[in-house]
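This note's numbering runs 688 ahead of the 1-based position in the sequence shown.
In what follows, a structure is listed as structure tokens, so that the remarks can point back to it.
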Amino acid sequence: RGASAAEPLRPSSMPRIAFLLFGTQGDHQPFLPLCKALKNDADVQVWLCGQKNKDIFDQMGIDVRKMKFPGMEELFQELPIIKQMFAEGRLVELHGMLKSETAKYMPDLLDQLDGFYDDFEVGALIQ
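Right, here's the structure in full:
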């Protein structure tokens with residue numbers, strides 16, 4: 689990977705750590721300070737879904753790759769019944785609906801993750 693004029697070249701000996709994140713914004717937030725802290729000693733990249741989540745990590749200066757997979761907030765808007773199930777704690781029903789609604793994204797998602805992995809030359813993948 690090349691570096692821009694504003695970004696210093698990182699030594700090739702730096703660990704390359706990728707985080708694979710799914711879920712709501714609240715599931716992503718605990719990783720913000722961790723990723724920010726690791727940036728000084730590692731090459732960090734976050735793979736996530738949802739534009740809102742991407743924007744938050746971008747604002748923190750963290751290298752992000754957005755998957756072609758909807759974030760939970762996007763699914764809540766698209767299918768209000770999912771938000772209702774989530775709020776009511778109907779987790780078995782929620783899981784079944786999420787599985788059926790997101791199945792159409794899976795073939796492309798796996799190919800995309802393979803590409804992220806190859807492009808970043810991951811040393812450690814944290815999920």
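Glycine included, every Cβ here is placed at the ideal spot set by N, Cα and C.
If you're wondering where the values come from, they're calculated on a predicted model, not measured in any experiment.
Just how far apart, CA to CA, sit Thr790 and Asp743?
22 Å
Pairs of beta-carbons, one from the stretch 772-781 and one from the stretch 727-738, closer than 8 Å: are there three or more?
no
Less than 8 Å separating the beta-carbons of Lys740 and Glu766?
no
Note down the Cα distance separating Ser788 from Leu782, rounded to an integer number of angstroms.
10 Å
Does Ala693 come out as helix, strand or coil in the three-state DSSP assignment?
Annotation note: pLDDT 48 at Ala693 (below 50); position unreliable, no value reported.
Report yes if the C-beta distance between Phe710 and Phe719 is below 8 Å; otherwise report no.
no
For Lys727, name the three-state secondary structure that DSSP assigns.
coil
Beta-carbon within less than 7 Å of Met748's beta-carbon, same chain only, minus the 5 sequence neighbours each way: which residues are those?
Leu720 and Lys724
CB contact flag (Leu797, Phe757, <8 Å):
yes
Spatial neighbours of Arg689 within its chain, please: CB distance less than 6 Å, with the 5 preceding and 5 following residues excluded, ordered by chain position.
Its pLDDT being 42, under 50, Arg689 is placed unreliably by the model, and nothing is read from it.
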